[in-house]
Amino acid sequence: MRRKSAGDAALDTFIYASLTIAALATLLPFANVFSKAFSAEWAVVSGKVGLWPIDFQLDTMKYVVTSESFLKALGISVFLAGVGTLLSILLTAVTAYPLSKRHLPGTGAILVLFVFTMLFSGGIIPNYLLIRELGLMNNLWSLILPAMISVFNMLVIKSYYESLPESLEEAAKLEGAGNLRVLFFIVLPLSGPVLATISLFYAVYFWNDFFHPMLYINNPSLRPLQLYLRDIVMEADTTQGGVEKTLDELMNLTPEGIRAATVIASTVPILLVYPYLQKYFIKGVLIGSVKG
Numbered sequence: 031m032r033r034k035s036a037g038d039a040a041l042d043t044f045i046y047a048s049l050t051i052a053a054l055a056t057l058l059p060f061a062n063v064f065s066k067a068f069s070a071e072w073a074v075v076s077g078k079v080g081l082w083p084i085d086f087q088l089d090t091m092k093y094v095v096t097s098e099s100f101l102k103a104l105g106i107s108v109f110l111a112g113v114g115t116l117l118s119i120l121l122t123a124v125t126a127y128p129l130s131k132r133h134l135p136g137t138g139a140i141l142v143l144f145v146f147t148m149l150f151s152g153g154i155i156p157n158y159l160l161i162r163e164l165g166l167m168n169n170l171w172s173l174i175l176p177a178m179i180s181v182f183n184m185l186v187i188k189s190y191y192e193s194l195p196e197s198l199e200e201a202a203k204l205e206g207a208g209n210l211r212v213l214f215f216i217v218l219p220l221s222g223p224v225l226a227t228i229s230l231f232y233a234v235y236f237w238n239d240f241f242h243p244m245l246y247i248n249n250p251s252l253r254p255l256q257l258y259l260r261d262i263v264m265e266a267d268t269t270q271g272g273v274e275k276t277l278d279e280l281m282n283l284t285p286e287g288i289r290a291a292t293v294i295a296s297t298v299p300i301l302l303v304y305p306y307l308q309k310y311f312i313k314g315v316l317i318g319s320v321k322g
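If you want the working numbering, it's the position in the sequence shown, counting the first as 1, plus 30.
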């Protein structure tokens, strides 16, 4: 085995140190928020909560997750992430398939148009006017339809399709399969890693999207979780989120604790998705990005 040179060892040390610092910078604030969500009221108010909960309690979290407003916002975010991801991955996969066939006439010009829209967008005001003229204000489809296809994701899937052996499709067509059957029964089942990875990208986008709901959604009953979280952060100091509470709850809860519990409750669902799809990341993205 070749021994590392002093330069390689120094470079490895620098990389590990940088990654450790980046990991700590990411995890420590989250650990502090987590601790505040489960610490006693007196510890949160006095500012003594650090990285570990003090006088562990579940009242604040129970108060947040049983709130009718929170549950309604959670349901809307689950709908956006579920329906939006399903439609987006279907549209993206179907769009990428014909563009991966270089023998088809016009694919190059169409591809240029797609890339152009990726580099130059219409801007916020034209998009807002378009949504308003389409009558989609205060409509959840205003958050799904404009984001149903990402050109970058489409290019990754297209590259993955191009890495698949053409002999598979040729064999299926010799057996009498049409293009749609080849796509849905041959190509898509073989594209599991890249589809899983891109699905996670879409799901995270729809779950975390804050800017577009802020533009297009004014009805409080249609707030997704990110808008609800914004309202909690802005209003907790005075009304504790505008959610229902009793006098006993007010004695045990703090605005900062409610904010922390809401952040944790809104983050955990999407974090739970990562372990199931993480194994597809390297294979899906690398093979999709670099043609084999």
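Glycine included, each C-beta is placed from N, C-alpha and C at the ideal position.
- Three or more beta-carbon pairs drawn from the stretch 93-111 and the stretch 250-261 are found closer than 8 angstroms, and the two stretches are therefore classed as touching.
- Leu-41 and Arg-33 have their C-alpha atoms spaced approximately 14 angstroms apart.
- Comparing alpha-carbon positions, the option among Pro-156, Val-75, Gly-77 and Pro-83 lying closest to Ser-65 turns out to be Pro-83.
- In this structure Val-63 is in contact with Ala-290, their Cβ atoms being roughly 5 angstroms apart against a cut-off of 8 angstroms.
- When secondary structure is reduced to three states using DSSP, Phe-144 falls in the helix class.
- The Cβ atoms of Met-178 and Leu-259 lie no closer than 9 angstroms to each other.
- The beta carbon of Met-167 lies closer than 7 angstroms to those of Ile-161 and Tyr-246 in the same chain, with the five residues before and after it left out.
- The DSSP assignment places 222-238, 241-246 and 255-269 as complete runs of the alpha helix (DSSP H) inside the stretch 217-269, in order along the chain (cut-off: 4 residues).
- Separation of Ser-193 and Tyr-93 (C-alpha to C-alpha, rounded to the nearest whole angstrom) is 51 angstroms.
- Beyond the five residues adjoining it in sequence on each side, Phe-68 comes within less than 6 angstroms, by CB distance, of Pro-83 and Phe-86 in the same chain, given in chain order.
- As the crow flies, the alpha-carbon of Phe-60 is around 32 angstroms from that of Gly-222.
- Every unbroken stretch of the alpha helix (DSSP H) spanning 4 or more residues and falling wholly within the stretch 60-115 is given here in chain order: 71-75 and 89-95.
- Here Thr-96 is actually not in contact with Gly-287; their C-beta atoms are around 15 angstroms apart, not less than 8 angstroms.
- DSSP, read as helix, strand or coil, puts Glu-286 in helix.
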